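Below: the structure, in structure tokens.
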Amino acid sequence: MCSTTATIPELPVSVNAEALFDLPRPAADCRIVVAMSGGVDSSVVAALAAKSGAEVIGITLQLYDYGAATGRKGACCAGDDIRDARMVADRLGMAHYVFDHESAFREDVVETFADEYLAGRTPIPCIRCNMGPKFTDLLRMARELGADCLATGHYVRRIMGESGAQLHRALDPARDQSYFLYGTTQEQLDYLRFPLGGMPKSEVRTIAEGFGLAVAAKPDSQDICFVPDGDYASIVKKMRPEGGRAGQIVHAESGELLGEHPGIIHYTVGQRRGLDVGGQPEPLYVVALNADKAEVRVGPKRLLAVGAALVVETNRIGSLPDQPLSAKVRSLAKPVPITLEGKLGDGGNVSIRFATPEFGVSPGQAAVIYADERVVGGGWIDSTTSAV
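This is how it looks when you write it as structure tokens:
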């Protein structure tokens, strides 16, 4: 096992690198494993870890076909990104290993992604990736390497509370990634470190420049790493040809046949564009999808109003506080006030009731529950109850 031997430049900003990792003993006696995707965020985490004085090991999981991803911009964990991660590790004088997880990623994430769209749901593969390869497998590897912690480039904060580590939203709301990490277990959170959660992205890029990292100006990765050009439907049809089954577009209130569509995989609840049903007195939105009938049901925006949602396979992080709760039902939405019915956690089901009707709540998305800035858990939206 090699240790950090390169001369690490001075930090360009006032940051205590060692304090960012909350190590159990002096950094010189510690080993940190860093999950390296090849992007600027994880590269800066590796640089900060090296600067702390700890021994640092970088691990990159190759999650999908290397050749297909080479030359793509905004990819993650494949192609040029693996090369970039290795280049950063060489610059910092740290060990770096690449593990082939393509088969597991395809089975756990990509196959599920296709099946969810086929069922008329709107999946979030990034959450399943965090629940599977990125945390479960990486944590196991880090422990096997004798590391004191596993550090990632996620923009969230790990804050110690009375009962242990808590997961909080990032200080910069524009970069917050807590929505994607609700499935983190308490055991995982005790071992994980998120040193970027208190920084804006501009500061992270400044640090990367100060360390002389070639990825300092590299564009951020796209939301779905394995979907080229955002054309998720082509990925689904390639894996599940039946996803191209044509069907009818029907008005949800009148039952009137308004047109035909090339497959429900092209539509999500709340969608307005691409319906091609003109001549209506008011704008129409997708309000429901019937996979069995290959039917897209559309209606006016008021039909999207949801009063409650059933959330399944829930996880809880820490205790449930006796204070008002809020929930995010889409990654880019703001948390809205809710009441919770049922026992959150241990894979159980709960119902969340919105204080005011919420729009664009889609089965297959996640509902993440917060107590102020702290993530207390969440689960998958299974069904909704109309507020109309």
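Be aware that the sequence shown starts at 6, since it is given in our numbering, and climbs by one per residue. By construction, the Cβ of each residue, glycine as well, lies at the ideal position given by its N, Cα and C atoms. Since we're looking at a predicted model, the values are computed, not measured.
Enclosing beta strand (DSSP E) for residue i [first to last residue]
i      : result
Ile62  : 60 to 67
Lys333 : 330 to 333
Met92  : It is not in any beta strand (DSSP E) - Met92 instead sits in the alpha helix (DSSP H) that spans 85 to 97.
Val291 : 290 to 295
Backbone CA spacing between residue i and residue j [nearest angstrom]
i      : j      : result
Ala219 : Met92  : 8 angstroms
Leu201 : Thr157 : 9 angstroms
Gly369 : Tyr196 : 29 angstroms
Leu28  : Leu345 : 36 angstroms
Gly203 : Leu123 : 39 angstroms
Asp181 : Phe199 : 12 angstroms
Arg250 : Gly151 : 51 angstroms
Ser395 : Gly188 : The requested residue 395 does not occur in the structure, where the chain is confined to residues 6 to 393.
Thr141 : Gly63  : 16 angstroms
Asp85  : Arg245 : 28 angstroms
Asp153 : Ala59  : 10 angstroms
Ser331 : Ala360 : 9 angstroms
Ala32  : Ala22  : 10 angstroms
Gly125 : Gln191 : 32 angstroms
Gly137 : Leu294 : 28 angstroms
Gly383 : Val209 : 29 angstroms
Gly72  : His106 : Summary for Gly72: the model assigns pLDDT 47, below 50, so the residue's position carries little reliability; its value from the coordinates is reported in the next sentence. Cα to Cα, Gly72 sits roughly 15 angstroms from His106.
Ala109 : Val115 : 9 angstroms
Ala313 : Thr319 : 16 angstroms
Leu349 : Arg88  : 42 angstroms
Lys139 : Gly260 : 45 angstroms
Val241 : Ala296 : 14 angstroms
Met146 : Gly268 : 41 angstroms
Cys230 : Ala371 : 19 angstroms
Ile322 : Asp46  : 25 angstroms
Glu247 : Asn135 : 28 angstroms
Ser57  : Gln328 : 38 angstroms
Contacting residues, own chain, Cβ-Cβ under 7 angstroms from residue i (five flanking each side not counted)
i      : result
Phe118 : Pro128, Pro130
Thr273 : Thr127, Val291, Ser367
Glu300 : Gly252, Gln253, Val255
Asp281 : Gly264
Ala392 : Ala310, Val311, Gly312, Pro362
For residue i: DSSP bridge partner residues
i      : result
Ser356 : Leu315, Glu346
Thr390 : Ala313
Pro368 : Gln370
Ile254 : Gly264, Val301
His173 : Arg162, Arg379
Gly384 : Ala372
Leu155 : Val38, Leu197
Ala33  : BP columns for Ala33 are empty, so no partner.
Arg321 : Gly382
Val232 : Beta-bridge pairing links Val232 to no other residue.
Sequence-distant residues of its chain with Cβ nearer than 6 angstroms to residue i (five each side left out)
i      : result
Phe104 : Leu66
Leu184 : Correcting the residue identity first, residue 184 is Tyr in this sequence and not Leu. Cβ neighbours of Tyr184 beyond the five flanking positions: Lys333, Ser336, Val373.
Gly304 : Ala257, Glu258, Val292
Ser48  : Val93, Leu218, Val220
Ala170 : Arg163, Leu194, Asp195
Val50  : Val39, Ala156, Gly158, Pro200
Leu315 : Ser356, Asp387, Ser388
Asp113 : Gly137
Val232 : Ile240
Endpoints, alpha helix (DSSP H) assigned at residue i
i      : result
Phe104 : Phe104 -> not in any alpha helix (DSSP H); beta strand (DSSP E) instead, spanning 100 to 105.
Met146 : 143 to 149
Ala51  : 45 to 56
Leu123 : 116 to 123
Tyr184 : Segment: none, Tyr184 is in no alpha helix (DSSP H) and carries neither H nor E.
Arg278 : Here Arg278 belongs to no alpha helix (DSSP H), and DSSP marks it neither H nor E.
Tyr237 : 237 to 244
Thr190 : Element bounds for Thr190: n/a, residue is neither H nor E.
Leu209 : The amino acid at residue 209 is misidentified as Leu; the sequence shows Val. Counting along the chain, the alpha helix (DSSP H) containing Val209 begins and ends at 206 to 215.
Pro130 : 130 to 134
Sequence-distant residues of the same chain with beta carbon closer than 8 angstroms to residue i, five excluded per side
i      : result
Phe364 : Gly275, Lys306, Leu309, Ala310, Val311
Pro326 : Ala376, Arg379, Val381
query = Is it a yes or a no for the stretch 167 to 180 touching the stretch 130 to 144, going by three-plus beta-carbon pairs under 8 angstroms?
reply = no
query = Can we say the stretch 159 to 175 touches the stretch 371 to 385, given the rule of at least three CB pairs closer than 8 angstroms?
reply = yes
message = Measuring CB atoms only, is the stretch 280 to 298 touching the stretch 348 to 357, in the sense that at least three cross pairs come out at less than 8 angstroms?
response = no
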